[in-house]
Amino acid sequence: MGVFGKIFGNSDSKDTTDSAIAWNDLTELKQLDTLVAESADTPVIIFKHSTRCPVSRMALKNFENEYSIGEGEAKPYFLDLLEHRDISSEIASRFNVVHQSPQVLVIKKGQSVYDESHGEIDAGVVKGKI
Numbered sequence: 006m007g008v009f010g011k012i013f014g015n016s017d018s019k020d021t022t023d024s025a026i027a028w029n030d031l032t033e034l035k036q037l038d039t040l041v042a043e044s045a046d047t048p049v050i051i052f053k054h055s056t057r058c059p060v061s062r063m064a065l066k067n068f069e070n071e072y073s074i075g076e077g078e079a080k081p082y083f084l085d086l087l088e089h090r091d092i093s094s095e096i097a098s099r100f101n102v103v104h105q106s107p108q109v110l111v112i113k114k115g116q117s118v119y120d121e122s123h124g125e126i127d128a129g130v131v132k133g134k135i
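Residue numbers (the working numbering): 6 to 135.
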């Protein structure tokens, strides 16, 4: 493992074994319709992650470590954007946001009410948007 790997961890997959987040994998375009419908009652969080990027890995780890949203308060979705670039592109179009990686969005009533990327991703701010 290289120097960056030792600092940021292995970026080849999401390592959520210590995560308090019960991620829902976002793997199909049709799920976007489902999460929009869900957002009518429960806010939805989408975390877009590049599995090959150490900055994305660090942002994900920080987000997971700081996450304190109770189950049922929001529904968190995880998108591996290298595997599902089509979904990432549709998210940008549908929610009128610029594609970023890493990126977090909060969807309420079918609209993005918050999106942030890179070092600006903050689980406390996300909680405040719920």
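Backbone N, C-alpha and C fix where the C-beta goes; we use that ideal spot for every residue, glycine too.
Supposed contact pair residue j and residue i - C-beta distance, whole angstroms, cut 8 Å
i: H123; j: V60; result: 6 Å
i: L31; j: I51; result: 7 Å
i: Y72; j: A25; result: 6 Å
DSSP state of residue i mapped onto helix, strand, coil
i: D85; result: strand
i: N101; result: coil
i: L34; result: coil
i: A79; result: strand
i: I74; result: coil
i: I112; result: strand
Chain D contact for residue i (CB, 8 Å cutoff)
i: S61; result: Of the protein chains in the structure, only one exists, and it is not chain D.
Extent of the continuous alpha helix (DSSP H) run through residue i
i: E71; result: P59 to E71
i: A128; result: A128 to K134
Limits of the unbroken beta strand (DSSP E) element including residue i
i: E121; result: Q116 to S122
i: I51; result: V49 to H54
Inter-residue spacing [alpha-carbon to alpha-carbon] between residue i and residue j
i: D120; j: S44; result: 15 Å
i: T39; j: D127; result: 25 Å
i: N101; j: S117; result: 8 Å
i: I96; j: K80; result: 16 Å
i: N29; j: K132; result: 18 Å
Residue i beta carbon near the ligand ADP (any heavy atom closer than 7 Å)
i: S44; result: The model depicted lacks the ligand ADP and carries no ligand whatsoever.
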